[in-house]
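Novice:
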Amino acid sequence: MRIKLIGCQATKNEVTGLGLPATVDCEFLDFSWHAFPDELHQEIQRRIDASQNYDLIILTYGRCSHALAGLVSASVPMVVPAAHDCVSLLLGSDRRRQQLSARNPAVYYFSQGWLKYGRDPYAEYQEYLEKYGEEDALYLIQTLYGKYEEAVFIRTCEGETLRQCRQQVNRIAGFFNWKVSEVPGDLALLAAVVNRELLPDVIRVAPGNPIIVEEGNWYADQGKC
1 MRIKLIGCQA
11 TKNEVTGLGL
21 PATVDCEFLD
31 FSWHAFPDEL
41 HQEIQRRIDA
51 SQNYDLIILT
61 YGRCSHALAG
71 LVSASVPMVV
81 PAAHDCVSLL
91 LGSDRRRQQL
101 SARNPAVYYF
111 SQGWLKYGRD
121 PYAEYQEYLE
131 KYGEEDALYL
141 IQTLYGKYEE
151 AVFIRTCEGE
161 TLRQCRQQVN
171 RIAGFFNWKV
181 SEVPGDLALL
191 AAVVNRELLP
201 DVIRVAPGNP
211 IIVEEGNWYA
221 DQGKC
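Going by UniProt numbering, the letters in the sequence shown line up with residues 1 to 225, in that order.
1. Measuring alpha carbon to alpha carbon, tell me which of CYS64, ALA35, SER32 and ASP25 ends up nearest ARG47.
2. In the DSSP assignment, what residue or residues form a beta bridge with PRO184?
3. Identify which residue in TYR108, VAL202, LEU199 and ALA10 has its Cα closest to the Cα of ASN177.
4. Taking all protein chains shown into account, do 16 or more other C-beta atoms lie within 10 angstroms of the C-beta of LEU89, making it buried, or fewer, making it exposed?
5. Quick check on residue 296: does DSSP put it in helix, strand or coil?
6. I'd like the span of the alpha helix (DSSP H) that includes GLY7, first residue to last.
7. Could you compute how far the alpha carbon of SER73 sits from the alpha carbon of LEU56?
8. If contacts are defined as beta-carbon pairs under 8 Å, then LEU115 and GLN168 qualify, I think. What distance do you get, rounded to the angstrom?
9. Kindly list the residues whose CB is nearer than 8 Å to the CB of GLY185, restricted to its own chain and excluding five residues on each side of it in sequence; keep chain order.
10. When the Cα of ASP85 is compared with those of LEU162, ALA10, ARG196 and ALA191, which residue comes out closest?
11. Below 8 Å between beta carbons: does that hold for VAL80 and ILE203?
12. What number of angstroms, rounded off, separates the C-alpha of SER65 from the C-alpha of GLY7?
13. Would you report the Cα separation of THR143 and ASP136, rounded to the nearest angstrom?
14. So, under 8 Å CB-CB, LEU20 and VAL194 are touching, yes? Tell me the CB distance rounded to an integer number of Å.
15. Provide the residue span of the beta strand (DSSP E) that contains THR60, from first to last.
16. Check for me: the beta strand (DSSP E) holding ARG204 runs from which residue to which?
17. For the alpha helix (DSSP H) that contains ASP94, what are its first and last residues?
18. Going by C-alpha to C-alpha distance, which of GLY159, ALA67, VAL152 and GLU124 sits closest to LEU140?
19. On the premise that LEU5 lies in contact with ILE58, defined as a C-beta separation below 8 Å, what is that separation, rounded to the nearest angstrom?
20. How many Å lie between LEU129 and LYS147 at the Cα?
21. For ASP221, collect the residues of the same chain with a Cβ closer than 8 Å to its Cβ; drop the 5 residues on either side in sequence, then sort them by chain order.
22. Determine the extent of the alpha helix (DSSP H) in which VAL87 is found, giving its start and end residues.
23. Give the DSSP-derived three-state secondary structure of PRO81 in the structure shown.
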């Protein structure tokens, strides 16, 4: 079976670290698409349309501001995770994310993929500082990130990569005066999607049928993939 996996850079290292078979061709889209959900939707649809020569398409995206809603594969079945976004994917489920958020809703999550490919809030401040000066830069950055109180790093790496990630998170948190904590990642959901396991959080979408998403729920045609 030839499989096409379409995912985000945010979880690239974790997905490739699962030890995918040679029959899986991976394509990871730029992290910056997340800022534009409509454009992200169109880009994923283009990649799906270009992958109709495969036997199965796997999407390792969460709902991501409903960017997956309405995506359809004409002739190839799809498998997608039932997850809010990459944070839920890296924590193993929406349920675990909700449990962590219940303890402190003012949390900003970081991961190795986010730190490598995403936009660093401190670097963002530096950009504003250069463009607008200190007063306006501080106003903008507080408007965007002022509600957060804690930086939580989702640990899915080790060694030198882990050391560098911790250093970067501490630098960002120090600037915003956030607390810092760390939680172990859980790649069980990502692995279940890649392995097409028959689980409630692994959604199968039949050819020709769109992914239909409502807040808190996934509705998709169940079938053998």
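For each residue, glycine too, the CB sits at the ideal point set by N, CA and C.
Specialist: Looking at the coordinates:
1. Taking the first residue of the sequence shown as position 1, residue 47 is located at position 47. Looking at the Cα atoms, ASP25 is the closest of the given residues.
2. Sequence index remark: in the sequence shown, residue 184 carries index 184 (1-based). According to DSSP, which records beta bridges pairwise, PRO184 is partnered with ARG155.
3. Taking the sequence shown and counting its residues from 1, one reaches residue 177 at position 177. For ASN177, the closest of TYR108, VAL202, LEU199 and ALA10 by C-alpha to C-alpha distance is TYR108.
4. The residue labelled residue 89 in the question sits at position 89 within the sequence shown. It counts as buried.
5. Outside the displayed range of the chain (1 to 225) lies residue 296, so it cannot be described from this structure.
6. By 1-based counting over the sequence shown, the position of residue 7 is 7. Element bounds for GLY7: not the alpha helix (DSSP H) but the beta strand (DSSP E), 3-8.
7. Counted from its first residue, the sequence shown places residue 73 at position 73. Counted from its first residue, the sequence shown places residue 56 at position 56. Answer to the nearest angstrom: the Cα atoms are 10 Å apart.
8. If you number the sequence shown from 1, residue 115 lands on position 115. If you number the sequence shown from 1, residue 168 lands on position 168. Between GLN168 and LEU115 the Cβ distance is about 5 Å, and since that is below 8 Å, they are a contact.
9. As a first step, residue 185 is located in the sequence shown; it is residue number 185 there, counting from the start. Closer than 8 Å at Cβ, skipping near neighbours: GLU14, LEU90, LEU91, GLY92, SER111, ILE154, ARG155 and THR156.
10. Walking along the sequence shown from the start, residue 85 turns up at place 85. When only C-alpha atoms are compared, the closest one is ALA10.
11. Position 80 of the sequence shown, counted from the start, is the residue given in the question as residue 80. Position 203 of the sequence shown, counted from the start, is the residue given in the question as residue 203. Going by C-beta atoms, VAL80 is nearer than 8 Å to ILE203.
12. For this step, residue 65 is matched to residue 65 along the sequence shown. For this step, residue 7 is matched to residue 7 along the sequence shown. Cα-Cα distance, rounded: 15 Å.
13. The residue given as residue 143 occupies position 143 in the sequence shown. The residue given as residue 136 occupies position 136 in the sequence shown. Going from the Cα of THR143 to the Cα of ASP136 covers about 10 Å.
14. Mapped onto the sequence shown, residue 20 falls at position 20. Mapped onto the sequence shown, residue 194 falls at position 194. Indeed, because the Cβ distance is near 7 Å, the residues count as touching under 8 Å.
15. On the sequence shown, residue 60 is found 60 positions in, with the first residue counted as 1. Element bounds for THR60: 56-60.
16. Sequence index remark: in the sequence shown, residue 204 carries index 204 (1-based). Per DSSP, ARG204 belongs to the beta strand (DSSP E) from 202-205.
17. Start at 1 with the first residue of the sequence shown, and residue 94 comes out as number 94. Residues 94-103.
18. The residue given as residue 140 occupies position 140 in the sequence shown. The residue with the shortest Cα to Cα distance from LEU140 is GLU124.
19. Translated into the one-based positions of the sequence shown, residue 58 becomes position 58. Translated into the one-based positions of the sequence shown, residue 5 becomes position 5. That pair is a contact at about 5 Å.
20. As a working mapping, residue 129 is identified with position 129 in the sequence shown. As a working mapping, residue 147 is identified with position 147 in the sequence shown. So the alpha carbons of these two residues sit roughly 20 Å apart.
21. Start at 1 with the first residue of the sequence shown, and residue 221 comes out as number 221. Caution applies to ASP221, whose pLDDT of 49 falls short of 50 and renders its modelled position unreliable; the value that the coordinates give is listed next. Once the five neighbours on either side are set aside, the close Cβ partners of ASP221 are ARG204, VAL205, ALA206 and ASN209.
22. Position 87 of the sequence shown, counted from the start, is the residue given in the question as residue 87. Unbroken alpha helix (DSSP H) run through VAL87: 86-91.
23. On the sequence shown, residue 81 is found 81 positions in, with the first residue counted as 1. If DSSP states are grouped into helix, strand and coil, PRO81 belongs with the strands.
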